[in-house]
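Going line by line, the protein sequences match chains A and B.
Just so you know, we're using numbering that gives the first Met the number 0 here: the first sequence kicks off at 0 and counts up by one.
Just so you know, we're using numbering that gives the first Met the number 0 here: the second sequence kicks off at 0 and counts up by one.
Right, one structure below, let's go through it.
There are 2 protein chains.
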Amino acid sequence: MRKFYFTPGPSQLYYTVEEHMKNALKENVLSISHRSKDYEKIHQQTIEAIRSLLVLPNDYHIFFTSSATEIWERIIQNTVEAESFHLINGAFSRRFLEIAENYQINAMSQVAEEGKVVEAEELLIPETAELIAVTQNETSTGASQPIDDIKKIRKAFPDQLIALDVVSSAPYANVDYSMVDTAYFSVQKCFGLPAGLGVWIVNNRCFQKAQSLMNKNRTIGSYHSLPSLLEKGIKNQTPETPNVLGVYLLGKVATDMANKGIDQIRRETEYKAAVLYQAFEQSEILQPFVTSEVHRSKTTLVANTAIPSKEIISKLSEKSFVIGNGYGKFKDKHIRIANFPTHSKEHIEILADELLKIKN
Amino acid sequence: MRKFYFTPGPSQLYYTVEEHMKNALKENVLSISHRSKDYEKIHQQTIEAIRSLLVLPNDYHIFFTSSATEIWERIIQNTVEAESFHLINGAFSRRFLEIAENYQINAMSQVAEEGKVVEAEELLIPETAELIAVTQNETSTGASQPIDDIKKIRKAFPDQLIALDVVSSAPYANVDYSMVDTAYFSVQKCFGLPAGLGVWIVNNRCFQKAQSLMNKNRTIGSYHSLPSLLEKGIKNQTPETPNVLGVYLLGKVATDMANKGIDQIRRETEYKAAVLYQAFEQSEILQPFVTSEVHRSKTTLVANTAIPSKEIISKLSEKSFVIGNGYGKFKDKHIRIANFPTHSKEHIEILADELLKIKN
């Protein structure tokens, strides 16, 4: 039986992926050398497609890593000497802090209750913090930091580097990337691609910081340090043999999304999120975990469940819908539903109907 | 026009890969959660297939990274406090040394002339070196360290950790992995898979070393430190969202190779290598770059060219054969030809004939 995946990543593939994979095989994309002109052309097309879709400033660089998890590590290695500051609103923002701690950074934080976000107005960040880490969309709780908050944080802390996690919200989130110094996402979320690729956006302030760390004789990593990534990046190459298929597919899907229209994708995402949240409100066994409406994620929706979540997951599974359980300690108490660009209005409406049929 | 790739990786896909990719799409392998039982099953099957194909000791662990380049970094972070020692016989063994230097390790070396290997009998390694890095098959020059040398090095240096690079020789190289403490390879070489996955084999001495570095309050990395990899690995998971397709395909192809028979694959590899080296010897424009027959790689064959290599590459390209140019400073002076398990005897024979047709 064909299944439909609403898991918060990996999830249902973007509807054009299968065709692009077949073309990749036909065009020998998986056999070409990563030092060939053929690869450089693919690399460049993907970079340009992402730059255009996200409306990135011209002087921001785009690099490929193996995962967003890797990017957390590379940000710490390359841009922090002693102190980082993390806005924590769930398991993934906390994971970034833990990676900073692994590198013996003084990782400070302000922690919001789960399901909430740290209010921008209430932020207390020491001047000594070199980096401020903000998770725009926390995949574990479905709490989302309003885009306006980014501007407020930038204004209040002009000297710090700001790192923005858009792992499960790009390209839906309408972010002005010139407000942050670095941002990153994974391709298996909104882009609907096979996992195994992280995308790292970096401005020149990050390079300057990496250079200053090097001048102090500090280790900034090796093949994936910013200078190493840049050296190959300007040639549309990567330091290592990359996930060529991932780079190829990302370029194709980003182009498909641009052709469809990012505004259209955003409108549809908001409509579908409203349908699902309405179902959460109307259901007798569900309610939105995030109480404040402005903080509710439009791409990864989380609901409290009055019955064990596995019963809901199991009932939907009979209808061939696969949704996610809660994260960590919420495993049995939450369901998590992805609302990514590949999820059609029709499927979301049917899913909402099925959710409403499940009674206590 | 259909092309045949004899590039030294990425190269021609193993002949079953396309079918396995189609099955992966059908079976929703690219949509399943990396924390699901479905993923754990795939992970376990791949681990078992690799363990069986390479005849690994039971207490050796297998981890997935994004590339062999990453593994160089992780080995240094996790197993070296102050001193490493590298047998250098080309660009890739040198790259490992450079990564050690990036991490401010005192990286010592013994350097063989290009096209040769460091003779095991002539090794002078200080007792203080914690790790000895040996490149079994140097992809840049086609020089291969005889398997017997590994045993000699193990015997002479029982206390050091030995890291063996089998990036472009596993599973052809008939290595007794109990002779080394860690080994690693890339999937886009002999396994004929899409790039984007490195396989890291690690014994318990490496874990003990990582623990002792931690006890000394030294940073051993974060999500891909050995303790972090082990914590998830025992559950057949990975710390980050992995390249699920890569893990799936590796398991399938390793199983296909086991079914064909590793002895059969080794015999065919040796026959095909003999055909190609004979063509190098007979050609008026080619000669094997590695002068010593026992040091000639059977999987990545390199020849000096009497005419610019691009002319040879271009002529073969007209016959739809794609071969590699020389590495680095040898770009125009060498050709490099992969002889991987997917390359059939028939294709290698035709390629040898075509090589012989090219005159000065």
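Note that the Cβ used here is the ideal one computed from N, Cα and C, for glycine as well.
Bear in mind that the values here come from a model prediction, so they are computed numbers and not experimental data.
Would a check of beta-carbon distances place residue i closer than 9 Å to chain B?
i      : result
A:H33  : yes
A:T140 : no
A:I49  : no
Counting only Cβ pairs nearer than 8 Å, list the residues of chain B close to residue i.
i    : result
A:P9 : L29, S30, I31, S32, H33, T240, V243
Indicate whether at least one CB of chain A lies closer than 9 Å to the CB of residue i.
i      : result
B:T68  : yes
B:S2   : The sequence shown places Lys at residue 2 of chain B, not Ser. Chain A, which has a Cβ nearer than 9 Å to the Cβ of B:K2, makes this yes.
B:E17  : yes
B:G323 : yes
B:T127 : no
B:T386 : Because chain B spans 0 through 359 in this model, residue 386 of chain B falls outside it and cannot be assessed.
B:M20  : yes
B:T218 : yes
B:L24  : yes
B:I312 : no
B:I75  : yes
Are the CB atoms of residue j and residue i within a distance shorter than 9 Å?
i      : j      : result
A:A162 : A:F190 : no
A:S319 : A:R50  : no
A:H19  : A:V252 : yes
B:I336 : B:G323 : yes
A:T45  : A:L249 : yes
A:S167 : A:K188 : yes
B:T68  : B:R93  : no
B:N338 : B:R265 : no
B:P145 : B:V243 : no
B:G89  : B:Y326 : yes
A:S30  : B:P9   : yes
A:T134 : A:D158 : no
A:E129 : A:S83  : yes
B:R34  : B:H223 : no
B:K271 : B:H342 : yes
A:L123 : A:L86  : no
A:A111 : A:R295 : no
A:T218 : A:N202 : no
B:W199 : B:F63  : yes
B:S221 : A:E97  : yes
B:F184 : B:G197 : yes
B:Y4   : B:V321 : yes
A:K344 : A:Y171 : no
A:P340 : A:M256 : yes
B:D331 : B:T290 : no
A:N216 : A:E39  : no
Output, in chain order, the set of chain B residues within a Cβ distance shorter than 7 Å of residue i.
i      : result
A:I306 : Those do not exist, as A:I306 stays about 21 Å from chain B at its closest Cβ, beyond 7 Å.
A:L52  : Chain B residues near A:L52: none, gap ~22 Å exceeds 7 Å.
A:E317 : Near A:E317 there are no residues of chain B at all, since even the closest Cβ is about 16 Å away, more than 7 Å.
Mind listing the chain A neighbours of residue i? Cutoff is C-beta to C-beta under 7 Å, in chain order.
i      : result
B:Y222 : T68, E72, I98
B:L12  : L29, S30
Should residue i be labelled buried (16 or more other beta-carbon atoms within 10 Å of its own) or exposed?
i      : result
B:I70  : buried
A:I152 : buried
B:G260 : exposed
A:T6   : buried
B:P56  : exposed
A:N359 : exposed
B:P226 : exposed
A:S177 : exposed
A:Q207 : exposed
A:T254 : buried
B:A81  : exposed
Please list, in chain order, the chain A residues whose beta carbon lies closer than 8 Å to that of residue i.
i     : result
B:S65 : T64, S65, S66, E69, G195, E239, N242
What in chain B is Cβ-close to residue i, meaning under 9 Å?
i    : result
A:T6 : S30, I31, S32, S35
Contacting positions in the stretch 181 to 214 of chain B - beta carbon closer than 7 Å to chain A: For the stretch 181 to 214 of chain B, the residues whose beta carbon sits under 7 Å from a beta carbon of chain A are, in order, S185, Q187, P193, A194, G195.
Residues, ordered as in the chain, of the stretch 97 to 112 of chain B that lie near chain A by beta-carbon distance below 9 Å: For the stretch 97 to 112 of chain B, the set of residues with a beta-carbon nearer than 9 Å to any beta-carbon of chain A comprises E97, I98, A99, E100, N101, Y102, Q103, in chain order.
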